[in-house]
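> Numbering (this note's numbering), first residue to last: 169 to 543.
Written out as structure tokens, the structure reads:
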């Protein structure tokens, strides 16, 4: 099936009693267990609503199994602590979501897990591996500079050296990129973003091979980051429109990126769909669309000053919703990252991250135009 059809029809739980076409919401926190081998329990990640939404996401990503979590960071932290133990080494791409970066720096070392932060180039990642390296963690496109990692080559390093590879695929979404099909072992999403898509839901997802998913699920049961039935239902409902939302958002983002690239007040635009972008060729080879996230820097005014002039676009935390939102990463997504690290990564105080929504692109460009020109 085409992804549009998968979004609507994959997964789900048949309502045999009434014939309803939507998955029923199973609100029980207690299930009978006599005369059955099944032990249904929300913290075990095996209730009907949890399994229904996981099946849909696995179909979209081309994966075998997965787990749905209560947040993106619950998914990220659980995966890392499921697949790494004391004495292991991890290679972690330096330019990743600020929360992920902070978790690695603040917690892995305490557990006896060593790590090397590295650039996004494949040669740097390969050079950073050691004999005890058990995991490579990447993100592409990156947050917030939209740089691109060669996913196939990173997966190849992992396969050649027996190292598990993990990617945060939040920015791309399953609509625009399927890392599992490119050889990556574990694919992560902050479902709070595009999978939920309406800025009203917290969740996270990890999909993988069945054997790896089983390891993650076992650890997840101890950590307790499960998602309730109502939130699972909301996520499954939102996934039905994922492809049409992301298609519109991606179209809008390219139009806006091209507009910004030509504006005299803008010094830099980061969007992998621009031919001027350093990762354009790689992105073209591994993405079916370039996504709805972009970032840019201003020449002669502060990020805060610009955001206060916007009329339609909302300065807000998070991303991926149907509303276009904007933030300055230095004080939001990457505030937990030290100033030295932000400087090294190129996250300046004048950098703005734009999450493009489904509104009329002409209205969005007009809003940006008046905010850039108004003094």
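Where is the CB? At the ideal position from N, CA and C, for every residue including glycine.
Since we're looking at a predicted model, the values are computed, not measured.
Taking 7 Å as the limit between beta carbons, can you name the residues of its chain near residue 300, skipping five residues before and five after?
Within the same chain, residue 300 has close Cβ partners 255, 256, 257.
> For residue 320, report the span of its alpha helix (DSSP H) as first-last.
Where residue 320 is concerned, the enclosing alpha helix (DSSP H) stretches over 319-329.
> With DSSP run on the structure shown, which of helix, strand or coil describes residue 289?
Three-state DSSP puts residue 289 in coil, outside helix and strand.
> Give the DSSP bridge partners of residue 372, in chain order.
DSSP output for residue 372 lists 237 as bridge partner(s).
> Tell me the residue span of the beta strand (DSSP E) that contains residue 261.
It spans 257-261 - the beta strand (DSSP E) in which residue 261 sits, taken as one unbroken run.
> On the three-state DSSP scale, how would you describe residue 499?
Looking at residue 499 - three-state DSSP - the assignment turns out to be helix.
> Kindly identify the DSSP beta-bridge partner or partners of residue 438.
Per DSSP, 463.
> Going by DSSP in three states, residue 305 sits in which element: helix, strand or coil?
Three-state result, residue 305: strand.
> So for residue 491, helix, strand or coil by DSSP?
Residue 491: coil per DSSP, three-state reduction.
> Can you grab the Cα-Cα spacing for the pair residue 332 / residue 385, in whole Å?
Cα to Cα, the separation comes out at about 17 Å.
> Going by beta carbon distance, what residues of the same chain come within less than 8 Å of residue 329, once the five residues before and after it are set aside?
Closer than 8 Å at Cβ, skipping near neighbours: 297, 301.
> Let me check understanding here. Comparing Cα to Cα, which of 502, 281, 528 lies closest to residue 516?
Closest by alpha carbon: 502.
> Here's the rule: buried if 16 or more other CB atoms are within 10 angstroms of the residue's CB, otherwise exposed. What is residue 507?
With fewer than 16 Cβ atoms within 10 Å of its Cβ, residue 507 is classed as exposed.
> If we count the other Cβ atoms within 10 Å of its Cβ and call it buried at 16 or more, is residue 449 buried or exposed?
When all chains shown are included, residue 449 counts as exposed.
> From 411, 276, 524, 353, pick the residue whose C-alpha is nearest to that of residue 341; which is it?
Measuring from the Cα of residue 341, the nearest candidate turns out to be 411.
> Rounding to the nearest angstrom, what Cα-Cα distance links residue 347 and residue 247 in this structure?
Straight-line Cα distance between these residues: approximately 16 Å.
> Comparing C-alpha positions only, which one of 463, 379, 376, 520 sits nearest to residue 499?
Looking at the Cα atoms, 520 is the closest of the given residues.
> Tell me which residue opens and which closes the alpha helix (DSSP H) that residue 472 is part of.
Here the alpha helix (DSSP H) through residue 472 covers 471-477.
> Would DSSP call residue 394 helix, strand or coil?
Correct three-state label for residue 394: strand.
> Is it buried or exposed, residue 315, if we count other Cβ atoms within 10 angstroms and call 16 or more buried?
Label assigned to residue 315: buried.
> How about residue 178 and residue 356: do their beta carbons lie closer than 7 Å?
It is not a contact, given that the beta carbons lie outside the stated cut-off.
> Would you mind listing the beta strand (DSSP E) stretches within the stretch 173-204 that are 3+ residues and don't spill past its ends, in chain order?
Entirely contained in the stretch 173-204, not one beta strand (DSSP E) run reaches 3 residues.
> From what residue to what residue does the alpha helix (DSSP H) around residue 419 run?
Residues 410-429.
> Which class does residue 540 belong to by DSSP, given the choice of helix, strand or coil?
Helix.
> Thinking C-beta only, is residue 400 closer than 7 Å to residue 218?
For residue 218 and residue 400, yes; Cβs fall inside 7 Å.
> What is the DSSP secondary structure of residue 353, reduced to helix, strand or coil?
Of the three classes helix, strand and coil, the one that applies to residue 353 here is coil, per DSSP.
> Quick one, which of 182, 268, 350, 216 has its alpha-carbon nearest residue 249's?
Answer by Cα proximity: 268.
> Just grab the DSSP bridge partners of residue 483 for me.
DSSP lists 494 as partners of residue 483.
> Between the alpha carbons of residue 414 and residue 366, how many angstroms are there, rounded?
C-alpha separation (whole angstroms): 12 Å.
> Taking only three categories from DSSP, how would you classify residue 377?
Residue 377 falls in the coil class under three-state DSSP.
> Give me the Cβ distance between residue 378 and residue 351, rounded to the nearest whole Å; I'm assuming they're in contact under 8 Å.
Incorrect: roughly 17 Å between the Cβ atoms, too far for contact.
> By the three-class DSSP mapping on this structure, what secondary structure does residue 399 have?
If DSSP states are grouped into helix, strand and coil, residue 399 belongs with the helices.
> Would you mind sorting residue 497 into buried or exposed? The rule is 16 or more other CB atoms within 10 Å of its CB.
Buried, since its Cβ has 16 or more Cβ neighbours within 10 Å.
> Please go through the same chain and pick out, in chain order, the residues whose beta-carbon is closer than 8 Å to the beta-carbon of residue 451, but skip the five residues on each side of it.
Hits under 8 Å: 309, 316, 440, 441, 445, 458.
> Could you tell me whether any Cβ in chain C is nearer than 7 Å to the Cβ of residue 305?
Included in the structure is just one protein chain, with no chain C present.
> Which residues does DSSP list as the beta-bridge partners of residue 521?
In the DSSP output, where bridge partners are listed per residue, residue 521 has 463, 495.
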